[in-house]
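Residue numbers (our numbering), protein chains in the order written: chain A, 1 to 482; chain B, 1 to 369.
Beta carbons: idealized from backbone N, C-alpha and C, even for Gly.
Below is one structure, written out as structure tokens, with a few remarks after it.
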Amino acid sequence: MEMPAPNQNVLKRKPELVKRLLSVLPRDAVIDHEAETKAYECDALSAYRCPPIAAVLPRTTEETAAILKICNEMQVPVVPRGSGTSLSGGALPTADSVILGVARMNAVLEINYPDRYIKVQSGRTNLSVTGAVEADGFFYAPDPSSQLACAIAGNIAMNSGGAHCLKYGVTSNNLLGVKFVTMQGDIIEIGGPHLDAEGLDLLGLICGSEGQLGIVTEATLRILPKPEGARPVLIGFDNNETAGACVADIVKAGILPVAIEFMDSPCIKATEAFAGAGYPFCEALLIVEVEGSQAEIDEQLEKITAIARKHDPVELREAKDEDQATRIWLGRKSAFGAMGQLNDYMCLDGTIPVTQLPYVLRRMNELSEEFGLKVGNVFHAGDGNLHPLILYDANKPGDLETCEAFGAEILKLCVEVGGCLTGEHGVGIEKRDLMPVQFQPEDLEAQMQIKDVFDPQWLLNPAKVFPLDSSAERRNASRSLS
Amino acid sequence: MNIFQPKTEADVAQVIRETNQGLSIFGGGTRGVCERGGNSLETTGLSGIIDYQPGALTMIAQAGTPLKEIVETLGQEGQQLPFEPMDSHAMLDLTGSATIGGAFAANISGPRRIQVGAARDFLLGVRFVDGSGNILKSGGSVMKNVTGYDLVKLLAGSHGTLGVIIQVAFKVLPVAETQSTLILEGLDDEAAIDALTTAMNSPFDVSGAAHAPSKNQTYLRLEGFNKSVLYRTEKLQAYLKKFGEAQVVNASQSESLWTKIRNVDIFADKDADIWRLSVKPTDAPKIVSAVGFKQHLYDWSGGLIWGTLPKGSNPRSALSEFGGHATRVRGQSGSIPKFQPQSPLVADLSEKIRNKFDPRGILNAGLMG
Ligand SMILES: Cc1cc2nc3c(=O)[nH]c(=O)nc-3n(C[C@H](O)[C@H](O)[C@H](O)COP(=O)(O)OP(=O)(O)OC[C@H]3O[C@@H](n4cnc5c(N)ncnc54)[C@H](O)[C@@H]3O)c2cc1C
Chain A
1 MEMPAPNQNV LKRKPELVKR LLSVLPRDAV IDHEAETKAY ECDALSAYRC PPIAAVLPRT
61 TEETAAILKI CNEMQVPVVP RGSGTSLSGG ALPTADSVIL GVARMNAVLE INYPDRYIKV
121 QSGRTNLSVT GAVEADGFFY APDPSSQLAC AIAGNIAMNS GGAHCLKYGV TSNNLLGVKF
181 VTMQGDIIEI GGPHLDAEGL DLLGLICGSE GQLGIVTEAT LRILPKPEGA RPVLIGFDNN
241 ETAGACVADI VKAGILPVAI EFMDSPCIKA TEAFAGAGYP FCEALLIVEV EGSQAEIDEQ
301 LEKITAIARK HDPVELREAK DEDQATRIWL GRKSAFGAMG QLNDYMCLDG TIPVTQLPYV
361 LRRMNELSEE FGLKVGNVFH AGDGNLHPLI LYDANKPGDL ETCEAFGAEI LKLCVEVGGC
421 LTGEHGVGIE KRDLMPVQFQ PEDLEAQMQI KDVFDPQWLL NPAKVFPLDS SAERRNASRS
481 LS
Chain B
1 MNIFQPKTEA DVAQVIRETN QGLSIFGGGT RGVCERGGNS LETTGLSGII DYQPGALTMI
61 AQAGTPLKEI VETLGQEGQQ LPFEPMDSHA MLDLTGSATI GGAFAANISG PRRIQVGAAR
121 DFLLGVRFVD GSGNILKSGG SVMKNVTGYD LVKLLAGSHG TLGVIIQVAF KVLPVAETQS
181 TLILEGLDDE AAIDALTTAM NSPFDVSGAA HAPSKNQTYL RLEGFNKSVL YRTEKLQAYL
241 KKFGEAQVVN ASQSESLWTK IRNVDIFADK DADIWRLSVK PTDAPKIVSA VGFKQHLYDW
301 SGGLIWGTLP KGSNPRSALS EFGGHATRVR GQSGSIPKFQ PQSPLVADLS EKIRNKFDPR
361 GILNAGLMG
């Protein structure tokens with residue numbers, strides 16, 4: 001993956017930059033020694049690394065604004081960072097960039113149950129948002145698997161989803177308002193505890209903009225009362241087609257499970273070997289979870305199992321108690337770890353129409369043969385969001401490149417059947433150069449126009465999302481390079 | 001005065017490219033967004049459902065497709081538009097047939113907004129023609145998509161000021177097997193909002209929460225499978241004991257009740273201006289008494305206030321100490337803008353975005369600021 005050459009002018013002016021940053025921040029908020037900047041050299045797409053020129057860790061929105069003003073004046077690129085769990089390289093620095101980390105801004109600012117919202121600083125982790133309201137019977141719905149670590153800031157930037165978004169939606173459906181600092185250092189508030197912020201939907205635009213439009217420092221989030229209970233059922237099939245058909249039938253029947261997760265046989269085998277959850281060895285496995293009171297759960301599971309039976313499952317296991325439920329989820333939750341035991345892996349994230357599931361899985365296996373790399377699938381089937389995990393050996397020369405080429409083919413396949421390149425992980429650097437597969441040049445131009453409005457100098461996370469060549473002119477236009 | 005009724009997206013692009021005057025953009029013209037009488041472009045010629053996948057809960061349609069046709073087609077598969085867009089004919093005294101493109105362009109969401117989200121939350125993809133005549137797309141037709149900036153949300157609710165929407169892809173949901181409504185009687189506004197927000201804090205998955213002061217009634221809707229609705233109805237009744245004994249009405253009564261609430265058909269005074277305020281629910285009664293509406297109705301657990309005021313009135317100063325926003329949906333006034341003015345920084349960003357999409361300022365110019 002190519003990154004633009006660092007601006008030598010910025011590198012030369014590092015002492016001046018650090019001095020100016022220290023004039024608005026306490027010493028411990030500016031990290032400029034090489035040994036320490038290394039801690040910020042990558043996110044969870046760890047195949048790519050580059051230490052930034054410095055990292056800054058503001059404690060307030062005002063400090064954030066002061067930092068941005070300085071960087072804007074000095075034309076220093078800024079890479080926003082939450083917890084660095086991005087899988088697409090969204091928080092990957094360039095050598096001439098400043099990492100702006102929001103991790104120290106993690107306070108809860110307000111909790112309001114009657115109006116069902118919580119206001120937090122954006123560095124707060126996803127799970128600890130729920131943690132703040134859980135004792136009172138509430139939760140924050142979007143639940144990325146990385147929720148223990150990832151920050152609300154990153155969730156907003158990537159419009160993250162999770163296992164339960166089939167019922168509760170993704171981040172943008174649960175975000176009511178933000179406090180947001182532009183590259184020029186202007187502090188803006190959009191939305192709030194009321195619904196549908198007035199005017200153009202800038203909130204919707206900012207959510208999912210991958211840190212390219214401004215820095216989110218505070219967020220107002222929808223919280224919901226916890227359901228009375230939840231229980232999963234596990235259904236095994238001897239082929240992917242049938243499993244796919246079963247998913248469609250469940251959805252059509254008007255049952256709205258909170259989650260429908262799918263695992264294919266390579267993944268089932270790996271998980272069994274790793275976690276021993278007692279999964280049946282079959283071609284395809286579904287985990288369907290429903291919520292409500294005991295009686296409501298029974299009613300829904302009855303309908304689901306009736307539908308499943310019509311498709312001749314090889315296994316049908318209803319969780320009778322908490323322990324059995326945990327066991328059913330155990331395998332799913334350890335799937336990534338299990339695949340990681342087999343080899344290094346790259347996790348993809350395309351979405352397809354649910355109806356195309358069998359074809360896409362078949363084609364993916366053919367590609368796997370062609371490229372000579374194994375692929376396992378564990379994903380959110382209810383909404384067609386695939387997570388193919390391609391196994392490769394990082395120490396074997398050329399393997400990463402083959403893996404990336406294979407990954408690109410899978411994502412092209414997703415687009416070809418009417419889907420998209422990324423369902424929840426974002427474009428970052430990883431899918432940047434594939435954007436023309438999904439968009440015409442004029443569609444990308446329309447998106448880049450938006451960045452022109454918010455960040456005319458293209459200093460915020462500049463080398464991401466758009467193909468490097470298509471953004472080159474804008475990135476270089478107003479920059480003094482010497 | 002020219003009225004353009006293009007039949008293809010290429011025609012839409014051509015009309016826009018060739019015009020050098022402002023255009024008012026109409027779907028069915030039932031939302032009272034634009035005034036008739038000037039040059040206009042109507043999308044009703046772009047009609048028809050392009051693709052419907054009940055098993056994937058997605059539909060793609062041309063923007064001018066009548067809402068009625070969409071709802072009927074979905075109904076045949078036991079599905080629906082979850083955000084239940086209102087029918088605003090009667091309230092606004094307008095004729096015409098509402099379109100699916102118009103519902104999204106104006107982000108029209110009904111009572112279920114508080115449970116499942118707004119129109120904009122169900123819009124998966126758009127094709128549109130910008131003010132320079134470029135045919136553009138954003139999003140797609142799948143349920144989860146974070147590929148590139150979310151121009152889909154930006155276009156939803158842009159009221160034709162960024163482009164003419166020509167095609168929409170959206171998510172649908174099954175119609176619930178049954179529904180019931182709990183009705184509490186005789187609560188004043190404060191107590192009613194208390195009851196609504198209390199219900200929304202329960203685990204019983206309320207899908208509608210409204211209060212009609214003119215009828216002295218407070219409504220809570222539950223939807224789902226038979227046994228589940230029965231169970232939750234009893235539970236919620238008990239949960240709300242302190243607000244009185246809730247009366248329960250059956251599915252068909254419940255359905256017609258919520259159609260009325262959704263369509264806000266209680267405003268008899270045809271001369272008054274109608275305002276729609278989006279606020280923090282617990283502020284709602286205070287805002288209502290500060291504004292002094294002639295008649296009013298609360299939906300969205302109090303978060304949505306519909307109210308009538310004498311012609312030319314402006315409720316916004318009363319709103320300023322609370323936050324939220326007010327939109328005039330019926331009535332005209334040269335000096336009072338239809339949409340809530342934004343803070344200078346936000347207004348500036350919005351203005352710049354409009355200039356990018358419509359550099360000549362020809363699409364519903366001046367409507368949103
Ligand atoms: C094991 C694992 C499982 C995962 N599971 C899921 C999953 O189920 N669903 C899912 O959606 N994702 C998942 N992810 C991906 C990742 O966790 C999410 O994208 C997450 O939202 C990133 O949050 P973060 O705080 O770590 O952000 P970072 O990685 O720090 O940054 C992500 C992006 O946000 C930008 N950003 C950060 N802070 C700000 C700010 N304050 N203002 C503006 N922009 C900012 C960054 O520049 C970057 O582009 C997973 C990742 C891992 C490693």
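Local conformation of residue i per DSSP, three classes
i       : result
S482(A) : Because the pLDDT of S482(A) is 48, which lies under 50, any placement of that residue in the model is unreliable, and the number read from its coordinates should be weighed accordingly. Coil at S482(A), not helix or strand.
N216(B) : coil
L421(A) : coil
Y40(A)  : helix
A315(A) : The displayed chain sequence assigns Glu, not Ala, to residue 315(A). Looking at E315(A) - three-state DSSP - the assignment turns out to be strand.
K356(B) : helix
T19(B)  : coil
M368(B) : coil
K270(B) : coil
R13(A)  : coil
H296(B) : strand
C246(A) : helix
D185(B) : A small correction: the amino acid at residue 185(B) is Glu; Asp does not occupy that position in the sequence shown. Looking at E185(B) - three-state DSSP - the assignment turns out to be strand.
Cutoff 9 Å: residue i Cβ touching any chain B Cβ
i       : result
S482(A) : Note that S482(A) scores 48 on pLDDT, short of 50, meaning its location in the model is unreliable; the coordinates nonetheless yield the value given after this. So no, S482(A) is outside the interface.
E442(A) : yes
D238(A) : no
N155(A) : no
G199(A) : yes
G161(A) : yes
Bridge partners - residue i, DSSP secondary structure assignment
i       : result
I260(A) : V288(A)
H159(B) : BP columns for H159(B) are empty, so no partner.
I137(B) : The displayed chain sequence assigns Lys, not Ile, to residue 137(B). Note: K137(B) sits in a beta bridge opposite R127(B).
V71(B)  : For V71(B), which the question treats as bridged, DSSP gives no partner whatsoever.
Q79(B)  : P174(B)
M59(B)  : Y52(B) and F170(B)
E218(A) : Q121(A) and K179(A)
T327(B) : R276(B)
Interface partners of residue i on chain B, CB under 8 Å
i       : result
S209(A) : Y149 and D150
S172(A) : D121, D150 and K153
Residue i at chain A interface by Cβ criterion, 9 Å
i       : result
I114(B) : yes
W300(B) : yes
S109(B) : yes
D273(B) : no
S278(B) : yes
L349(B) : yes
Chain B residues whose Cβ lies nearer than 7 Å to that of residue i
i       : result
K252(A) : P54 and G55
Neighbouring residues, chain A, relative to residue i (Cβ below 7 Å)
i       : result
F339(B) : E198 and G199
P203(B) : P225, K226, P227 and E228
Amino acids of chain B, ordered along the chain, whose beta-carbon sits closer than 9 Å to that of residue i
i       : result
Q447(A) : S138, G148, Y149 and L151
S83(A)  : In chain order: nothing, as chain B lies at least about 18 Å away.
Closer than 8 Å at the beta carbon, the chain A residues around residue i
i       : result
A86(B)  : Reading the sequence as shown, one finds Met at residue 86(B) and not Ala. Those within 8 Å of M86(B) in chain A number zero; the least Cβ separation is about 14 Å.
G292(B) : Neighbours of G292(B) on chain A: none; closest Cβ ~20 Å, over 8 Å.
Three or more C-beta pairs below 8 Å linking the segment 286–301 of chain B and the segment 162–178 of chain A: no
Counting pairs of beta carbons, one from the segment 297–312 of chain B and one from the segment 226–241 of chain B, are three or more of them closer than 8 Å? no
Taking 8 Å as the cut-off, does the segment 87–94 of chain A touch the segment 45–61 of chain A (at least 3 CB pairs, one atom from each stretch)? Between the segment 45–61 of chain A and the segment 87–94 of chain A there are three or more C-beta pairs closer than 8 Å, enough to call the two in contact.
Counting pairs of beta carbons, one from the segment 431–439 of chain A and one from the segment 143–157 of chain B, are three or more of them closer than 8 Å? yes
For the structure I just gave you, are there three or more beta carbon pairs, one from the segment 396–415 of chain A and one from the segment 58–69 of chain A, closer than 8 Å? no
How about the segment 149–160 of chain A and the segment 246–260 of chain A: do they share at least three Cβ pairs that are nearer than 8 Å? Segments in contact, no.
Assess, as a yes-or-no matter, whether the segment 67–80 of chain A is touched by the segment 12–20 of chain A under the definition of 3 or more beta carbon pairs within less than 8 Å. yes
For the pair the segment 271–289 of chain A and the segment 233–245 of chain A, tell me if three or more CB-CB distances fall below 8 Å. Touching, per the Cβ criterion.
Is the segment 462–476 of chain A touching the segment 18–37 of chain B, taking contact as three or more C-beta pairs under 8 Å? no
I want to know whether the segment 305–320 of chain A touches the segment 341–349 of chain A - three or more CB-CB distances under 8 Å. With a cut-off of 8 Å, the segment 341–349 of chain A and the segment 305–320 of chain A do not count as touching, because too few Cβ pairs lie within range.
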